[in-house]
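The sequence shown finishes on residue 148 if you use the UniProt record's numbering, and the numbering steps up by one all the way, no holes.
Below: the structure, in structure tokens.
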Amino acid sequence: MLTITRKLEFDAGHRIPDHKSQCRNLHGHRYTLEITLVGAVIEVEGSSDNGMIMDFSDIKTLAKQHLVDVWDHAFLVYEKDTPVRNFLASLPDHKTVIIDRIPTVENLARTAFDILKAAYKDHYGTGLHLQKLVLHETPNCWAEITAD
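What follows is the structure, given as structure tokens:
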């Protein structure tokens, strides 16, 4: 199996409301996202993508459109975290992303995978799909999710 991977970075804030330690406080991270795709290599003479699974710039464009630009410099808040949601709503024009899970790196990776899976699915009619997503919360801590 031949795969390709593109790495992107973004900054975002979050909190883990019931955490026993510091993560219950509002804080942020420099996240690193690794997107691994699998699919047939395009073999169309004269095509810009000839010899590629997908052009790396196209991977970046789709990731930014569907996820990175949405989450970058946003506060990722759990929909049931009412005190923080109310606080963020009181800030004019604050960039807030409400998610249906507590924003642990595991849950953020799962959410990101679901979003990007749809964005890349069979983009060229070559069976292209998201195979794996890795989300680094810090240089030493990350979550990985792979397609079934």
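The C-beta atom is built at its ideal place from N, Cα and C for all residues, glycine as well.
Mapping the DSSP letters down to three states, classify residue i as helix, strand or coil.
i, result
"I35", "strand"
"H66", "helix"
"E79", "coil"
"D148", "coil"
"K121", "coil"
"L2", "coil"
"L8", "strand"
Rounded to whole angstroms, what's the CA-CA distance from residue i to residue j? Just pull it up for me.
i, j, result
"L135", "L33", "5 Å"
"K7", "A63", "10 Å"
"L116", "H66", "7 Å"
"D55", "G127", "15 Å"
"A40", "S57", "18 Å"
Considering only the beta carbon of each residue, do residue i and residue j sit closer than 8 Å?
i, j, result
"R24", "V84", "no"
"A119", "Q131", "no"
"H29", "T111", "no"
"Y124", "I102", "no"
"N50", "I59", "no"
"T96", "L88", "yes"
Residue range of the alpha helix (DSSP H) that residue i falls in?
i, result
"L91", "It is not in any alpha helix (DSSP H) - L91 carries neither H nor E in the DSSP assignment."
Can you tell me the Cβ-Cβ gap for residue i and residue j, rounded? I've got them flagged as a contact below 8 Å.
i, j, result
"V38", "T3", "5 Å"
Would you give the residue range spanned by the beta strand (DSSP E) that residue i belongs to?
i, result
"T138", "129-138"
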